[in-house]
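Per the UniProt record's numbering, the sequence shown starts with residue 1, numbered consecutively. The beta-carbon is built from N, C-alpha and C at its ideal position, and this holds for glycine as well. Remember, predicted model here, so these are calculated numbers, not experimental data.
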Amino acid sequence: MGFVKVVKNKSYFRRYQVKFRRRREGKTDFFARKRLVVQDKNKYNTPKYRMIVRLSNRDICCQIAYAKIEGDQIVCASYSHELPNYGIAVGLTNYAAAYCTGLLLARRLLHKFGMDQVYEGQVEVTGEEFNFFSSFFSSLAKTSARMCIGNTSWA
1 MGFVKVVKNK SYFRRYQVKF RRRREGKTDF FARKRLVVQD KNKYNTPKYR
51 MIVRLSNRDI CCQIAYAKIE GDQIVCASYS HELPNYGIAV GLTNYAAAYC
101 TGLLLARRLL HKFGMDQVYE GQVEVTGEEF NFFSSFFSSL AKTSARMCIG
151 NTSWA
């Protein structure tokens, strides 16, 4: 079998189709997103919420969103650069800041849906485990970061 040179000429590039912009930027995994946002057929028009966590070198962004045909709708969001307003001035990208950003998002979400009076949280600190079930359900959308145990996305 002889050597065949791959020719990438004008006709090759004329037919070349680029990937989606968010795929090229590495922001969206459309294979995973398609399976994450699909809703059961018997639930009709009920939104399926997902929590989106984005980590950068300077900031952490948490959002609650749901998919519509026109595009994703953001319900509420919180950022770690808002934490200095609540007394956390440094370390805005570490594990503790990720936890606080998620907690801020949860309190805003409960306030938006009018459930903040029902689910007040733990009023006095005792050190015991404190869980509420069936308050609000959302799936964690996988980020471009590796999703292993102990990652900041899980905080």
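{"Check": "Neighbour-count burial assignment, residue 141, 16 or more Cβ in a 10 Å radius", "Outcome": "buried"}
{"Check": "Given 8 Å, three or more beta-carbon pairs between the region 41-51 and the region 131-141", "Outcome": "yes"}
{"Check": "Residue 95 in three-state terms, based on DSSP", "Outcome": "helix"}
{"Check": "Residue 57 versus residue 73 - alpha carbon distance", "Outcome": "26 Å"}
{"Check": "Touching by the beta-carbon criterion (3+ pairs, under 8 Å), the region 99-114 and the region 59-68", "Outcome": "yes"}
{"Check": "Sub-8 Å separation of residue 23 and residue 30 beta-carbons", "Outcome": "yes"}
{"Check": "Whole-Å CB distance - residue 92 paired with residue 59, under 8 Å assumed", "Outcome": "7 Å"}
{"Check": "Runs of beta strand (DSSP E) lying entirely within the region 42-68, each at least 3 residues, in chain order", "Outcome": "50-55 and 60-67"}
{"Check": "DSSP state of residue 11 mapped onto helix, strand, coil", "Outcome": "helix"}
{"Check": "Residue 37 versus residue 68 - alpha carbon distance", "Outcome": "9 Å"}
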